[in-house]
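The next block holds one structure in the form of structure tokens; read it before the comments.
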Amino acid sequence: MKPVKKKIGEIKFALISPEQIKKISSAKIVTPELYDIDGYPVDGGLMDLRLGAIDPGVRCRTCGGRLKECLGHPGSIDLARP
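Count along the sequence shown starting at 1, add 2, and that's the number in this note's numbering.
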């Protein structure tokens, strides 16, 4: 596949509301644990497979894509203070 060059005309950044973050979030991060005793990513941890594939041998639990197919999905963390 030949790369295609394009000129970007404009980029905009904006803040989104907590409600919007929760709505688009694929996983809520609730634990500092990364992996369980067997070395598998913990649900609700930073390596949660709903956030995307992290290893060539696993599939993303949100889209089903493999490491090269899944670009990742947003998660959310509830902070104690704003």
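Glycine included, C-beta positions come from ideal geometry on N, C-alpha and C. Since the model is a prediction, treat every value here as computed from it, not as a measurement.
CA-CA distance, P84 and R52? 25 Å
Closest by CA to P76, which one among I10, K70, K14 and I31? I31
With three or more beta-carbon pairs closer than 8 Å as the criterion, would you say the stretch 52–67 touches the stretch 23–30? The answer is yes - the stretch 23–30 touches the stretch 52–67, with three or more Cβ pairs under 8 Å.
Given this structure, state the Cα-to-Cα distance separating T64 from G41, to the nearest angstrom. The alpha-carbon atoms of T64 and G41 are separated by roughly 20 Å.
By the three-class DSSP mapping on this structure, what secondary structure does K24 have? Look at K24 here: in three-state DSSP terms it is helix.
From this set, V44, K7, K70 and P5, which residue's C-alpha is nearest P58's C-alpha? K70
From E35 to L73, what does the alpha carbon distance come to, in whole angstroms? E35 and L73: Cα-Cα distance of roughly 23 Å.
Can you round the beta-carbon distance between S78 and I23 to whole angstroms, since I take them to be within the 8 Å contact cut? 5 Å
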